[in-house]
Every structure is written in structure tokens, then in C-alpha cells.
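According to this note's numbering, the sequence shown is numbered sequentially starting from 1.
Don't be surprised by glycine CBs; every beta carbon is placed ideally from N, CA and C.
Please read all numbers here as calculations on a predicted model, not as lab measurements.
Reading through the C-alpha cells given below for one structure.
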Amino acid sequence: SIITDKLVALTEGEKKESLKFKVGKPENWEVIHSGIDLNTNPAQKNELKKKLNIPENTLVIGTVARLEPVKGIKYFAQAFPFIVKSLNRPITFVIVGDGNQRNEIESIVEKDGLKEKVIFTGMRADITDLMSIMDIYVQPSENEGMGKTIIQALYLGKPIIATNVQGIPDLIFDGKTGLLVPPKNAQAISIAVEQMANSMQTANKLGQQGKFYAQELVEGLPRFSTERMISLLEKMYDKIMARQG
Numbered sequence: 001s002i003i004t005d006k007l008v009a010l011t012e013g014e015k016k017e018s019l020k021f022k023v024g025k026p027e028n029w030e031v032i033h034s035g036i037d038l039n040t041n042p043a044q045k046n047e048l049k050k051k052l053n054i055p056e057n058t059l060v061i062g063t064v065a066r067l068e069p070v071k072g073i074k075y076f077a078q079a080f081p082f083i084v085k086s087l088n089r090p091i092t093f094v095i096v097g098d099g100n101q102r103n104e105i106e107s108i109v110e111k112d113g114l115k116e117k118v119i120f121t122g123m124r125a126d127i128t129d130l131m132s133i134m135d136i137y138v139q140p141s142e143n144e145g146m147g148k149t150i151i152q153a154l155y156l157g158k159p160i161i162a163t164n165v166q167g168i169p170d171l172i173f174d175g176k177t178g179l180l181v182p183p184k185n186a187q188a189i190s191i192a193v194e195q196m197a198n199s200m201q202t203a204n205k206l207g208q209q210g211k212f213y214a215q216e217l218v219e220g221l222p223r224f225s226t227e228r229m230i231s232l233l234e235k236m237y238d239k240i241m242a243r244q245g
């Protein structure tokens, strides 16, 4: 950072962690959230549920992630038996994504005798459609710079449970736009899911508050839009150029 005019972090959490490792000085940093373009008109949920053989009146709990250790999906899978036992109602878990840890996660599910309750979709292009059928969205990352899938879930008004790591608290305010849990903790995930599932009215209120936060206009542009990201980057470049004359 000696010859760098500015450093850009996606979140305050990412900035703080970088400063902790002596990367730049506070005045070197700008926080500019990554922008996303989202299809807010997903496919018909009932049709997609039929394609996935998910019965009606089934609680759908899901996640979207690379199946790699840093994403913490193993701990989500380890929470399944606790969730099934505590809720005692029809449940389907949906895991969207693929990666080196898939076999390990599938083994956890099989060992717990829950193979019939878990759908592994593999890599899919229709992520927004798949997220639309989820009643509760879980992001169990061990570390996360920002989490674009969390933003997608916020835009869709989903009740969200996510780990309290790095950039996630910039998106999920505990008890306001979702629930935060400690990382690497299957029991904490199961307790949070149980809390939401037993009061879906409250859970959906969190989802709507999260949707409002994500779509709120900041200086005339949606908070997490690509347009706002570009606007902030352009302003930063203009300031640098003005200083250099």
C-alpha cells in the first residue's frame, strides 16, 4: 500500500481485518459494497417445488455456496438431525452448489439417515429461482468478505441466519435483518432455525426488514445495486485525480 492511493474493502469487517494485519492506514481505505443485478421475478415457486419433488406444506431450509470448508456447509449439515427432531414437521433441506467438500457433506447426511430430506442440486444457473422456494436461508460461513448470496436473500425478503464473521454483520443486523450465530457451531444454527420456524410471522418480519434495508435508496440509488457501486468508485477516482492535479 506504499504506492497505493486508495484501498477498497467490500465491508467494514473486511477493512478492520486488513488493518489488523497492518495493510494500509485507516485513511487509505474506502468501503464500497459489491453491487449485484438481481432478477426479482423468480420462476413460479410451486412449479419448481414439483420439479424438485418437494411436497406442499414442507418447510424448506436452504443455502447457496461453494462446497468448500470456508463456507461452513458441514456445520449446516450437522445441524439437520437437531432441526428435524426439534421441529417434528415435514422439512426439506436444499443445498445449492458444488465443491471439494460435497462427498464429506453427503456422508454426514447419509450417516444421520436424512438422505431423503436433503436435496443437493449441484451447480445451477437459476440461483434466484432456487432461493425463492426457501422459507429460511442459512449462510454458515467460517469467513466471508461480503456474501453476495446474502444480498440476494435480502432482496428476496428471506428470513436469514448467518454467521457473525468478517463482512456479514454489515448485512445482517442481529434481530433486525436476520439472526447471527457463531461460526462452526451446528447447535447454534439449529437453535436459530427452530426459533424462526416456530414463529414464521416474526421470521418473515425480519425478512421484510432485510428487504427494505437492501433496497433502500442511498443518494438516489439502491444500496447494493451495481449502479451505486460504480458511482462510488467513480467518485473515489475523481477525488484521487483532483488531488494529483
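Bridge-paired residues (DSSP) for residue i
{"i": "Q152", "result": "Q152 is not bridged to any residue."}
{"i": "T63", "result": "I95"}
Reference residue i; option with closest CA among the options
{"i": "Y213", "options": "L171, S141, F76, G24", "result": "L171"}
{"i": "I189", "options": "E27, K16, A79, I61", "result": "A79"}
{"i": "D135", "options": "K16, N46, E17, S225", "result": "N46"}
{"i": "F82", "options": "Q187, N204, G210, L232", "result": "Q187"}
{"i": "T249", "options": "P69, S225, K158", "result": "The requested residue 249 is not part of the displayed model; the chain covers only 1 to 245."}
{"i": "Y155", "options": "A203, E216, I191", "result": "E216"}
{"i": "I133", "options": "E104, K184, I61, M123", "result": "I61"}
{"i": "I168", "options": "P140, E56, M123", "result": "P140"}
Beta-carbon proximity list for residue i, same chain, < 7 Å, skipping 5 on both sides
{"i": "A153", "result": "M131, Y137, I160"}
{"i": "A9", "result": "K15, S18, W29, V31"}
{"i": "E12", "result": "V31, D170"}
Residue i, buried or exposed, once every other Cβ within 10 Å from all chains shown has been counted against 16
{"i": "V118", "result": "buried"}
{"i": "K20", "result": "exposed"}
{"i": "K71", "result": "buried"}
{"i": "K74", "result": "buried"}
Residue i to residue j span [Cα, whole Å]
{"i": "I150", "j": "I95", "result": "15 Å"}
{"i": "K85", "j": "F76", "result": "15 Å"}
{"i": "N143", "j": "P182", "result": "11 Å"}
{"i": "L233", "j": "D5", "result": "13 Å"}
{"i": "V218", "j": "T226", "result": "13 Å"}
{"i": "V64", "j": "T163", "result": "14 Å"}
Spatial neighbours of residue i in its chain, beta-carbon cut-off 6 Å, leaving aside the 5 residues before and after
{"i": "T177", "result": "Q209, G210, Y213"}
{"i": "L179", "result": "I161, A192"}
Close Cβ partners of residue i (< 8 Å) along its chain, the five nearest in sequence each way excluded
{"i": "R66", "result": "G97, D98, G99"}
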